[in-house]
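Chemist: Residue numbers (the numbering used here): 18 to 955.
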């Protein structure tokens, strides 16, 4: 082609090539043995041009290449680059990747519990670490050129998402930001916000998957395609699946026609049975065998339960499943023994090492948060090497960890979200199935959903067809954030900064649409008013009387319900341990023995007002041997003790044998007793004067005699409804304007009340709070201020610190947690009392936990485990008493270590030297041993 060009054109082309070769992108491309995709090149060119970038692309598409180019640019220009991730495991993995590429001397790692070469020009860290550095004004920020925020869509997370926005808002203007996100439907909106707060930002969106994904349903022995083959964007659902769903939902018709005879009915029944046996949910070993036969391994099966993951591995082992040959088994054993060599032999048995190893040797493993981090990392390593071919995992694996598979299997489309079983969202489905298809290895990826009874193929097609989901801010000011902002910028400038958050940006945009709706409503109100006009009189007045009558009837009915509830609550308050009662309704209706009356003074749940508003919540033993904490809704009528029983001192609610014996005694003693029927009282409406007055006024009104009265009334009802809707919209406009700043004002007012702030001045107490991060930052500061922990030993301090971070997985545990005795127990009690005072103060200042602001109640469930481990107890003893998986134990210990480090570093509150800081450091040493100290960075 160049022969056809003129000399001038050839010279110009050579100049262009020379310019391209001189770019940083050219030298960067030479580091990889594959070509870059167009979206990667576009993003890298924008970065080199000095712009910030937002890259939104599917999982597995290679968007981290753009992050690595930012590292390359920083090193080329002699600047620093911070690479942030949402979780420690991902930080560890990214550190290993970058250290391998650029050398361990140029790459560091900073997480809550690891610090490796932190002065290096490239540092991988969790997002919280960078946030803390920004607030502390760390010297490490000097010379910072680029920050990569991997998995930036995590800012939607309602618990931790605010940290991402804090970092984006507070990073120095000179820092170029690289934001890497999953495919979100409002990437342009997010990009507009980044443009506002960070300057020129290029938005690069790619929905192309480098490895195409095919969707399937596995039912019985067959793998069905979810979609019919065909051209065009809109794909039709496989009619075979629709037919199966219809057949399953149709009820059998046999037995309805008595004239047909028994023989015919039996034939129908047999035909029905044969049809239904074609469709069943195959067992886990069957699924893996089928995938293996079809060449679809390695596979990740997502099971939304830790116990389910472990059970799946055991089922495969019992079924004799073997996916590795002898050579692979030997390699697995060698790798595992090398990676676990630092774990003492006595701990291996406690950790279930030998059962775990047997599964790995066969190519099968579980992966979930309850596992020891070392074990999880070994599973990840073996899976990437192809030595583990079937992994059963919870959804936490879908977050960023580099474990691509050929296939992804979803057992169910429903999961427990912490409050209830809910359908997985299109975003979650996309995130989970995004693991399928290994770039450079697989030609195609496969997502397989197991057929479940009641499955709707159209619903599944909707999940699979929705490629994106919107990014929603979860930003809320906190106490720590408030004192840090006021210290750096003063109150007025801090308020302005918070107004630049993505949360406020989205709220302000939504107001435009609401304002238009208000205008349309006001136009509609004029038409409704005209239609309800009556020639006999003022129909608006008549309609108001009818509404007042209806409201009065509703109010009286509500009062009746409240009175019945009050009577039931009063009856519950009279119960004592040992009372035998009859639970009138609910899941646990029937005979029950009161173990604990559960009065409001003995609050055990972290939700504000839970016990006070709902009354007593007694803990009972049912006749079916269950120990449960009941709620007010279980007692719609007053309950009385039918009998008394002695509860043995040796009774242990956690012991099945104890429950069985006491329940048997309960049935023997009171099984024959029948509760008295509750008599219905006369309705209050029968004697209400206000009701009588309103009815008389309505009958006397001129419009009451109108022939078109009911037609006018329908228009009046529409008018009233539209007025109510318009008022609500106007309130929403008012509520969404300056929402973040208003919350900040309330927080500042409370901190001023507690002497953390005085105008724009941050007091000594405030400076201490500024170094305490976490949900219970203010509680920790108040405990330090009150000297609650002054006389505690290191182990006792560890127990108290655990209450600041631990949250039980089960929201409501009927049994009180075991606590260390003596000073630790007293200190924990004082912590709960201080929280109670703060809780009341938050109520006064209208700081609401349901909006993600405020202090939850400290959870004492990990105090005994932290105390015994810090005291030097063995792993077997601690795990047995804590009834907790090793992975959870290690994770909570590391969080306790993190908060102890903050306590040790917090400025002292008085002139006298504090023993707390010294004991906090000793407590860290006591906790950081054995399984907690194992680390496999790099």
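Ideal Cβ positions, reconstructed from N, Cα and C, are used throughout, including at glycine.
Report the residue from 235, 600, 711, 939 whose alpha carbon sits nearest the alpha carbon of residue 470.
Modeler: Your numbering for residue 470 matches position 453 in the chain shown. Comparing Cα-Cα distances from residue 470 to each of 235, 600, 711, 939, the minimum goes to 235.
Chemist: Within this structure, are the beta carbons of residue 612 and residue 573 separated by less than 7 Å?
Modeler: As a position in the chain shown, residue 612 is number 595, starting the count at 1. As a position in the chain shown, residue 573 is number 556, starting the count at 1. The answer is no: Cβ separation not under 7 Å.
Chemist: Determine the contact status of residue 610 and residue 597, defining contact as a CB-CB distance below 7 Å.
Modeler: Taking the first residue of the chain shown as position 1, residue 610 is located at position 593. Taking the first residue of the chain shown as position 1, residue 597 is located at position 580. Result yes, Cβ atoms of residue 610 and residue 597 sit closer than 7 Å.
Chemist: Alpha carbons only, please: which of 444, 850, 862 is nearest the one belonging to residue 479?
Modeler: The residue labelled residue 479 in the question sits at position 462 within the chain shown. Per the Cα distances, 444.
Chemist: Among 66, 146, 47, 119, which residue has its Cα nearest to the Cα of residue 915?
Modeler: Mapped onto the chain shown, residue 915 falls at position 898. Comparing Cα-Cα distances from residue 915 to each of 66, 146, 47, 119, the minimum goes to 146.
Chemist: Using the C-alpha atoms, what's the distance from residue 789 back to residue 541?
Modeler: Here residue 541 is taken as the residue at index 524 of the chain shown, counted from 1. Here residue 789 is taken as the residue at index 772 of the chain shown, counted from 1. Going from the Cα of residue 541 to the Cα of residue 789 covers about 54 Å.
Chemist: Within the 7 Å Cβ cut-off, does residue 399 reach chain C?
Modeler: Absent here is chain C; the protein component of the structure consists of one chain.
Chemist: On a CA-only basis, which of 331, 201, 70, 94 is nearest residue 160? Give me that one, please.
Modeler: Looking up residue 160 in the chain shown gives position 143. Minimum Cα distance to residue 160 is reached at 94.
Chemist: Kindly provide the ranges of any alpha helix (DSSP H) runs that are 4 or more residues long and lie completely inside the region 60 to 142, ordered along the chain.
Modeler: 81 to 93, 105 to 119
Chemist: For the beta strand (DSSP E) containing residue 239, list its first residue and its last residue.
Modeler: The residue given as residue 239 occupies position 222 in the chain shown. Counting along the chain, the beta strand (DSSP E) containing residue 239 begins and ends at 239 to 242.
Chemist: Should residue 458 be labelled buried (16 or more other beta-carbon atoms within 10 Å of its own) or exposed?
Modeler: In the chain shown, residue 458 corresponds to position 441, counting from 1. With fewer than 16 Cβ atoms within 10 Å of its Cβ, residue 458 is classed as exposed.
Chemist: For residue 834, which residues of its own chain have a beta-carbon under 6 Å away from its beta-carbon, when the five flanking residues on both sides are left out?
Modeler: As a first step, residue 834 is located in the chain shown; it is residue number 817 there, counting from the start. Excluding sequence neighbours, residue 834 sits near 877, 878.
Chemist: If I measure Cβ to Cβ from residue 522 and keep anything under 6 Å in the same chain, skipping five residues before and after, which residues do I get?
Modeler: Here residue 522 corresponds to residue number 505 of the chain shown, with the count starting at 1. Correct list, in chain order: 210.
Chemist: Just the C-alpha distance for residue 276 and residue 579, rounded to the nearest angstrom, thanks.
Modeler: Taking the chain shown and counting its residues from 1, one reaches residue 276 at position 259. Taking the chain shown and counting its residues from 1, one reaches residue 579 at position 562. Its pLDDT being 43, under 50, residue 276 is placed unreliably by the model, and nothing is read from it.
Chemist: Counting C-beta neighbours from all protein chains within 10 Å, is the total for residue 124 16 or more, i.e. buried, or is it exposed?
Modeler: The residue labelled residue 124 in the question sits at position 107 within the chain shown. Buried.
Chemist: Tell me which same chain residues have a C-beta within less than 7 Å of the C-beta of residue 396, skipping the five on either side of it?
Modeler: Counting from 1 along the chain shown, the entry for residue 396 is found at position 379. Hits under 7 Å: 382, 384, 405, 408.
Chemist: So, with DSSP's three-state summary, where would you put residue 901?
Modeler: By 1-based counting over the chain shown, the position of residue 901 is 884. In the three-state reduction of the DSSP assignment, residue 901 falls in the coil class, being assigned neither a helical nor a strand state.
Chemist: Could you check where the alpha helix (DSSP H) with residue 362 kicks off and where it finishes?
Modeler: The count along the chain shown starts at 1 and reaches residue 362 at position 345. Here the alpha helix (DSSP H) through residue 362 covers 362 to 367.
Chemist: Is residue 222 helix, strand or coil when you go by DSSP?
Modeler: Counted from its first residue, the chain shown places residue 222 at position 205. Reduced to three states, the DSSP call for residue 222 is strand.
Chemist: If I'm right that residue 917 touches residue 940 with Cβ under 8 Å, what's the distance once you round it to whole angstroms?
Modeler: Translated into positions along the chain shown, residue 917 becomes position 900. Translated into positions along the chain shown, residue 940 becomes position 923. Contact holds; Cβ gap of about 5 Å.
Chemist: Work out the CA separation of residue 372 and residue 338 for me, nearest whole Å.
Modeler: Translated into the one-based positions of the chain shown, residue 338 becomes position 321. Translated into the one-based positions of the chain shown, residue 372 becomes position 355. Taking the straight line joining both Cα atoms gives about 14 Å.
Chemist: Measure the C-alpha to C-alpha separation of residue 81 and residue 197 and round it to an integer number of angstroms.
Modeler: On the chain shown, position 64 is the one that residue 81 refers to. On the chain shown, position 180 is the one that residue 197 refers to. The alpha-carbon atoms of residue 81 and residue 197 are separated by roughly 7 Å.
Chemist: Suppose you measure from the CA of residue 623 to the CA of residue 586; what does that come to, to the nearest Å?
Modeler: As a working mapping, residue 623 is identified with position 606 in the chain shown. As a working mapping, residue 586 is identified with position 569 in the chain shown. With a pLDDT of only 39 at residue 623, under 50, the local geometry of the prediction cannot be trusted, and the value read off the model is given with reservation. Spanning the two alpha carbons is a distance of roughly 21 Å.
Chemist: For residue 281, which residues in the same chain have their Cβ closer than 7 Å to its Cβ, ignoring the five residues on either side in sequence?
Modeler: Translated into the one-based positions of the chain shown, residue 281 becomes position 264. Bear in mind that the predicted position of residue 281 carries a pLDDT of just 48, short of 50, making it unreliable; the figure below should be weighed with that in mind. Closer than 7 Å at the Cβ level, and outside the excluded window around residue 281, lies no residue.
Chemist: Rank 676, 654, 839, 653 by C-alpha distance to the C-alpha of residue 641 and give the top, closest one.
Modeler: As a first step, residue 641 must be located in the chain shown, where it is residue number 624. The candidate whose alpha carbon is nearest that of residue 641 is 676.
Chemist: Within this structure, are the beta carbons of residue 488 and residue 207 separated by less than 7 Å?
Modeler: Locating residue 488 in the chain shown gives position 471, where the first residue counts as 1. Locating residue 207 in the chain shown gives position 190, where the first residue counts as 1. Yes, these two residues count as a Cβ contact at 7 Å.
Chemist: The alpha helix (DSSP H) with residue 216 in it runs from where to where?
Modeler: Against the chain shown, residue 216 aligns to sequence position 199. Counting along the chain, residue 216 falls outside any alpha helix (DSSP H), and DSSP gives it neither H nor E.
Chemist: Can you tell me which residues form a DSSP beta bridge with residue 613?
Modeler: Here residue 613 refers to the residue found at position 596 of the chain shown. 636, per the DSSP bridge assignment.
Chemist: Quick check: the region 722 to 729 against the region 677 to 693, are there 3 or more CB pairs under 8 Å?
Modeler: no
Chemist: May I ask which residues mark the beginning and end of the alpha helix (DSSP H) holding residue 179?
Modeler: As a working note, residue 179 is residue 162 in the chain shown. Per DSSP, residue 179 belongs to the alpha helix (DSSP H) from 179 to 187.
Chemist: According to the neighbour-count rule (16 or more other Cβ atoms, all chains shown, within 10 Å of its Cβ), is residue 311 buried or exposed?
Modeler: Taking the chain shown and counting its residues from 1, one reaches residue 311 at position 294. Sixteen is the threshold: since fewer than 16 other Cβ atoms of the shown chains lie within 10 Å of the Cβ of residue 311, the residue is exposed.
Chemist: Just checking my contact of residue 708 with residue 569 at CB under 8 Å: how many whole Å lie between their CB atoms?
Modeler: On the chain shown, position 691 is the one that residue 708 refers to. On the chain shown, position 552 is the one that residue 569 refers to. Rounded, the Cβ-Cβ distance is 6 Å, consistent with contact.
Chemist: Should residue 272 go down as buried or exposed, given a rule of 16 or more other Cβ atoms within 10 Å for buried?
Modeler: As a working note, residue 272 is residue 255 in the chain shown. Per-residue confidence for residue 272 stands at a pLDDT of 42, beneath the threshold of 50, marking its modelled position as unreliable; the derived number appears in the next sentence. Answer is exposed; the Cβ neighbour count stays below 16.
Chemist: Count the other CB atoms, across all protein chains shown, that sit within 10 Å of the CB of residue 620; report buried if there are 16 or more and exposed otherwise.
Modeler: Position 603 of the chain shown, counting from 1, holds the residue named residue 620. Caution applies to residue 620, whose pLDDT of 44 falls short of 50 and renders its modelled position unreliable; the model cannot decide the point.
Chemist: Any idea which residues DSSP pairs residue 232 with across the strands?
Modeler: What you label residue 232 is simply residue 215 of the chain shown in a count that begins at 1. Answer by DSSP bridge pairing, in chain order: 464.
Chemist: Grab me the residues of residue 91's own chain with a C-beta within less than 8 Å of its C-beta, minus the 5 sequence neighbours each way, in chain order.
Modeler: Translated into positions along the chain shown, residue 91 becomes position 74. Contacts found: 97, 98, 138, 139, 162, 163.
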